[in-house]
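Chemist: Structure below; questions to follow.
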Amino acid sequence: MNETNAREKGMGRLLAALVLVGLLGLAAPAHAGDILDASCPCGYHKERLFLYGGRANFKTICLFPALCKTSREITLINVLDPRRDPRDCKASDALSYEHPSLAPTEPGKSMSYWRLSNERTVTIYEGGYVCPRCGQRTLRFKHAGNWD
Ligand SMILES: [Zn+2]
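Here it is, written out as structure tokens:
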């Protein structure tokens, strides 16, 4: 085997690998929520927030971070049913992190988003959100996995 043949064989293998990765991507469930961690330099942190929806419930549930004003903790509200109380807060006390008073002033890149069936998209940006503990715009979300 000469050098050119060996290189072509290598390219063929690379192409096959790329096609396989593409197929696996297509086979993945279309509706898989993100798992995010939230943290602030002040020490506040909340781990494993299961956002958006899963395969079984995405039509009725879209969970999004909110600030619970009574507990000063991050809670999850259902964007598709905002009047329903979150597990650990009253709906009337929970303010969505989409609200301008909590969202980053200069959002920067989006790091996580979910497209709702009514063409509305909810987004988490890289930039600083208002921290439930120190009140500064220094809270950040980090991708920690997926669920469905
Ligand atoms: Zn803080």
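Residue numbers for the sequence shown follow this note's numbering, beginning at 14 and rising by one. Note that beta-carbon positions come from the ideal geometry of N, C-alpha and C, so glycine has one too.
1) For Thr134, list the residues DSSP reports as bridge partners.
2) Using only alpha-carbon positions, find the residue among Gly56, Glu139, Ile74 and Glu21 that is nearest to Arg96.
3) Got a sec? Which residues, its chain only, sit under 8 Å from Cys55 by beta carbon, not counting five neighbours each side?
4) Note down, in chain order, each residue of its chain lying with its Cβ closer than 8 Å to the Cβ of Ser48, except the 5 sequence neighbours on either side.
5) Rounded to a whole number of angstroms, what is the C-alpha to C-alpha distance between Pro113 and Tyr142?
6) Specify the secondary structure class of Ser84 as computed by DSSP and reduced to three states.
7) Between which two residues does the beta strand (DSSP E) holding Arg153 run?
8) Just the Cα atoms here: how many angstroms apart are Arg85 and Asn131?
9) Rounded to whole angstroms, what is the Cα-Cα separation between Leu93 and Asp101?
10) Report the three-state DSSP secondary structure of Arg61 (helix, strand or coil).
11) Sort Arg133, Val135, Leu129 and Ser125 by Cα distance to Arg153 and report the nearest one.
12) Residues in the same chain with beta-carbon distance under 6 Å from Ala40, minus the five sequence neighbours each way, listed in chain order, please.
13) Taking the alpha-carbon positions, what's the Ser105 to Ile90 distance?
14) Could you give the C-beta distance for Leu129 and Leu108, rounded to a whole number, given that I count them as a contact under 8 Å?
15) So what does DSSP say about Ser109, is it helix, strand or coil?
Modeler: Put simply:
1) Arg128
2) Ile74
3) Cys144, Arg146, Cys147, Gln149 and Thr151
4) Note that residue 48 is Ile in the sequence shown here, rather than Ser. Around Ile48: Arg61, Leu62, Phe63, Leu64, His156, Ala157, Gly158, Asn159 and Trp160.
5) 10 Å
6) coil
7) Arg153 to Trp160
8) 31 Å
9) 18 Å
10) strand
11) Ser125
12) Note on Ala40: pLDDT 46, under 50, position unreliable in the model; the coordinate value appears next. Cβ neighbours of Ala40 beyond the five flanking positions: none.
13) 11 Å
14) Contact flag wrong, Cβ pair sits at about 19 Å.
15) strand
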